[in-house]
Every structure is written in C-alpha cells, then in structure tokens.
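K.L.:
I'd like to ask you about the structure that follows.
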Amino acid sequence: MRKITIKTPSEIQAMRQAGIAVAVTLRTMRDAIVAGETTTLDLDDIAQETLKTFGAKPALLGYKPSFSAVPYLHATCISVNNEVIHGVPKKRILTTGDLVSLDMTASVDGWCADSTITTAVGPISDKARRLMLVTREAMYRGIEQARIGRTTGDIGYAIQRHVEKHGMNVVREMVGHGIGRTPHESGLDVPNYGKPRKGIPLHIGMTFCIEPMVMLGGSKIEHADEWTIVTSDGSWAAHWEHTVAVTKDGPVILTSPPREDPVENANFATSDEASLIS
Ligand code: MF3
Ligand code: CO
Ligand code: CO
C-alpha cells in the first residue's frame, strides 16, 4: 500500500486542464453517435482527434493497469447494455435503444483526469433510463460527501443508499481510485458501498475518482474477454464517473464541462434536489 498523495492548488489546477479536455471529448463522442451507423471504434477515433485539439494525451493508450497483464490499446473504454466497464472499442454498430457508457482518462502536462458518462442511443426503455439517471444521481450523492472530516465510507454509503433505494445494485468488485500523475494511484480505493465514518479519512488536496457502476439485476459480474466486464445475469448496467478534489471550500469536480451543458441540464435539471425518480 502506497502513501496517499496530496496535491497543491496549482497541481489541482493542472488536473482541471485535463478534466476539461476529458469533459469536452466525452460530449463530442456522445453527440457524434448516429444510430445504425456509428461504431464504438469510430468513437475512439473521435476521442483521439478531439484530445489533440486540447494538447491532451490519451492516458489509457498503452497503459497497463495493475489488474491486467497486458497494456490497453485504446483511448477510451466503451461499454454497451450488459457490459459494465472496460468495453473495448471495436466495429460494433450502435443501434437505437442501446445504453452506452463512455469512459476515458487523459493527461495534460503529465496530470490525469478520468470521467465517464452514460448516454442513450435514441429512445430507450423506461428501465434503462431510470438506471442511467439513478447512477448519475448516486455519483453526485457521493461527490457531495467528498469533504474534510468525511471518509470514503461516507461516500460509498451515500452511493449505495441511493442505488438500493431504487431497487438497483452497485458493483462491489470495481472501485473508484486515487488519480494524479498516473490514472490510478494505489492506497486510495473509493468503494461504491460502505458505512458512514468508516474507511479512509478525507483531507485537503486528495484527488480521486468517484465512479458508481450500477446494475438493474443482481450484483454479480464476470469477464467476457480479456478486458470487458459484463453482468452475470445479462441485466443492463450504467456507469458515471468524475474526478474530484477535496478543497477547503468542499468538493471540486475537475471533469465537469467548462460551460453549462444544456443537453445534460435539460435531462437532470432538478437532480441535485429530491430524486426525479420515485
Ligand atoms: N478509466 C478507467 C477507470 O475508470 C480505467 C480503465 S483502465 C483500462 O478507472 F486499461 F482498462 F483502460
Ligand atoms: Co474512468
Ligand atoms: Co476511474
């Protein structure tokens, strides 16, 4: 176990530059999806091109995470429907009704940021839409806890409570993580479940990813291939993720879009308050 790294305000500012590149790139990918035409590999190409315009590097390209024996060969992970995370971009055409999570890590001047959005291709089922919304709301419930005096258990508890209140389940095997000069910093796991006041105490300058993965069915997962994690029961999954810094003024989201995002705000206008979904 390594020591948790603490970032200075200027290092957090550097991570924000990567965060802006990630936020805009994810939304560029989302907006490029044409049902029946776009493949997940097309979206990875778009990501690589968009990152260049920010002087940002695809941090996952050639990256070997601790959980894999081989390096990853794409800029993004794209997971569709029953795929939970680490879906590999390929010549898979996205079609109406698909639920797609777009996950990427990029770096600017050596500092990383990591974020995931889930989006719908055209109209989707009510169940899938609820899944997408509840997962996003759960992420924000977790982010709200990223404060001095709180713990990783407070974050996990807030996420788990919101998800289970809506009859869904969090994935337990995969967790949020510290981030900085590398996509994953060891020593700071952020589970999507937990108990209040348990886990790791939070301090100013900690930077980590909060990333609930939520399933409509049971919480069991398995490998479909070298990388792709799918639900064991075939039920659909959603994934949202932000990179967050703990500051004296509370949680700061480093991967939010630079300006207001009208599309997202239209969908989630009141989600900070009581749940849209009862
Ligand atoms: N972005 C992923 C995360 O949220 C990491 C993917 S590592 C890869 O932690 F090698 F699978 F791409
Ligand atoms: Co990620
Ligand atoms: Co992550």
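Letter 239 of the sequence shown, counting from 1, is numbered 411 in my numbering, and no numbers are missing. The beta carbon of each residue, even a glycine, is placed where N, CA and C say it ideally should be. Since this is a predicted model, take the numbers as computed values, not measurements.
Leaving out five residues before and five after Asp-270 in sequence, what residues of the same chain have Cβ atoms less than 7 Å from its Cβ?
P.N.:
By one-based count along the sequence shown, residue 270 stands at place 98. Same-chain partners within the cutoff: Val-252, Asn-253 and Val-293.
K.L.:
Helix, strand or coil for Met-340 per DSSP?
P.N.:
The residue you call residue 340 lines up with position 168 of the sequence shown. Looking at Met-340 - three-state DSSP - the assignment turns out to be coil, as it is neither helix nor strand.
K.L.:
From the DSSP output, read off the bridge partner residues of Ile-289.
P.N.:
Within the sequence shown, numbered from 1, the residue matching residue 289 stands at position 117. Partner(s): Leu-274.
K.L.:
Leaving out five residues before and five after Ile-382 in sequence, what residues of the same chain have Cβ atoms less than 8 Å from its Cβ?
P.N.:
Taking the first residue of the sequence shown as position 1, residue 382 is located at position 210. Within the same chain, Cβ atoms closer than 8 Å to the Cβ of Ile-382 are found at Met-311, Gly-314, Ile-315, Ala-318, Ile-327, Ile-331, Gly-348, Val-362, Glu-413, His-414 and Val-416, the five residues on either side in sequence being excluded.
K.L.:
Using a Cβ-Cβ cut-off of 7 Å (strictly less than) and excluding sequence neighbours within five positions of Lys-299, which residues of its own chain qualify?
P.N.:
In the sequence shown, residue 299 corresponds to position 127, counting from 1. Hits under 7 Å: Leu-388.
K.L.:
Would DSSP call Lys-427 helix, strand or coil?
P.N.:
Counting from one through the sequence shown, the residue named residue 427 turns up at place 255. Residue 427 is actually Thr in this sequence, not Lys. Looking at Thr-427 - three-state DSSP - the assignment turns out to be coil, as it is neither helix nor strand.
K.L.:
Within the same chain, show all residues whose beta-carbon is closer than 8 Å to that of Asp-216, passing over the 5 residues directly before and after it, in chain order.
P.N.:
In the sequence shown, the residue the question calls residue 216 occupies position 44. Counting only residues of its own chain and dropping the five nearest sequence neighbours on each side, Asp-216 has a CB closer than 8 Å to the CB of His-246, Ala-247, Thr-248, Ile-250 and Pro-261.
K.L.:
How long is the line joining the alpha carbons of Ser-450 and Arg-264, rounded to whole angstroms?
P.N.:
Within the sequence shown, numbered from 1, the residue matching residue 450 stands at position 278. Within the sequence shown, numbered from 1, the residue matching residue 264 stands at position 92. Below a pLDDT of 50, predicted positions are generally treated as unreliable, and Ser-450, at 26, falls in that range; the measurement from the model is reported next regardless. Spanning the two alpha carbons is a distance of roughly 35 Å.
K.L.:
With DSSP collapsed to three states, give me the class of Met-346.
P.N.:
For the purposes of this step, residue 346 is taken as the residue at position 174 of the sequence shown. Annotated three-state conformation of Met-346 is coil, per DSSP.
K.L.:
Using the C-alpha atoms, what's the distance from Thr-197 back to Ser-297?
P.N.:
For this step, residue 297 is matched to residue 125 along the sequence shown. For this step, residue 197 is matched to residue 25 along the sequence shown. Between Ser-297 and Thr-197, the C-alpha separation is close to 26 Å.
K.L.:
Please name the residue in Thr-268, Pro-430, Ala-396 and Val-280 whose C-alpha comes closest to that of Phe-226.
P.N.:
Locating residue 226 in the sequence shown gives position 54, counting from the first residue. The residue with the shortest Cα to Cα distance from Phe-226 is Val-280.
K.L.:
State the start and end residues of the unbroken alpha helix (DSSP H) segment that holds Asp-298.
P.N.:
Start at 1 with the first residue of the sequence shown, and residue 298 comes out as number 126. Asp-298 -> alpha helix (DSSP H) spans 298-316.
K.L.:
Determine the DSSP secondary structure at Lys-229, reduced to helix, strand or coil.
P.N.:
The residue you call residue 229 lines up with position 57 of the sequence shown. Of the three classes helix, strand and coil, the one that applies to Lys-229 here is strand, per DSSP.
K.L.:
Using the rule of at least 16 other Cβ atoms within 10 Å of the residue's Cβ for burial, across every protein chain shown, is Ser-273 buried or exposed?
P.N.:
For the purposes of this step, residue 273 is taken as the residue at position 101 of the sequence shown. Buried is the call here.
K.L.:
Take Tyr-365 and list the residues in its own chain whose beta-carbon comes closer than 8 Å to its own, dropping the five residues that flank it on each side.
P.N.:
Here residue 365 is taken as the residue at index 193 of the sequence shown, counted from 1. Within the same chain, Tyr-365 has close Cβ partners Gly-328, Tyr-329, Ile-331, Gln-332, Val-342 and Arg-344.
K.L.:
Taking DSSP as the reference, what is the three-state secondary structure of Met-187?
P.N.:
Here residue 187 refers to the residue found at position 15 of the sequence shown. DSSP places Met-187 in helix when its eight states are reduced to three.
K.L.:
For Pro-429, which residues of its own chain have a beta-carbon under 6 Å away from its beta-carbon, when the five flanking residues on both sides are left out?
P.N.:
Translated into the one-based positions of the sequence shown, residue 429 becomes position 257. Excluding residues within five positions, the ones whose Cβ falls inside 6 Å are Ala-195.
K.L.:
With a threshold of 7 Å on Cβ separation, who are the neighbours of Lys-370 within its own chain once the five nearest residues in sequence on each side are excluded?
P.N.:
The count along the sequence shown starts at 1 and reaches residue 370 at position 198. Cβ neighbours of Lys-370 within its own chain (closer than 7 Å, five residues either side excluded): Thr-323 and Gly-325.
K.L.:
Give the DSSP-derived three-state secondary structure of Leu-266 in the structure shown.
P.N.:
Locating residue 266 in the sequence shown gives position 94, where the first residue counts as 1. Three-state result, Leu-266: coil.
K.L.:
Kindly examine ligand 1 and report whether one of its heavy atoms sits closer than 7 Å to the Cβ of Thr-419.
P.N.:
Here residue 419 is taken as the residue at index 247 of the sequence shown, counted from 1. No; taking the cut-off as 7 Å, the Cβ of Thr-419 has no heavy atom of ligand 1 nearer than that.
K.L.:
When every heavy atom of ligand 2 is checked, does at least one fall within less than 7 Å of the C-beta of Asp-217?
P.N.:
Translated into positions along the sequence shown, residue 217 becomes position 45. No; taking the cut-off as 7 Å, the Cβ of Asp-217 has no heavy atom of ligand 2 nearer than that.
K.L.:
Can you name, in chain order, every residue of its own chain whose Cβ lies under 6 Å from the Cβ of Glu-255, other than the five neighbours on each side?
P.N.:
Looking up residue 255 in the sequence shown gives position 83. The answer, listed in chain order, is Thr-400 and Val-402.
K.L.:
Just checking my contact of Lys-175 with Gly-350 at CB under 8 Å: how many whole Å lie between their CB atoms?
P.N.:
Along the sequence shown, one-based indexing puts residue 175 at 3. Along the sequence shown, one-based indexing puts residue 350 at 178. Contact doesn't hold; Cβ gap of about 10 Å is too wide.
K.L.:
Ignoring anything shorter than 3 residues or poking outside the segment 394-427, list the beta strand (DSSP E) runs there in chain order.
P.N.:
401-403, 409-411, 414-419 and 422-425
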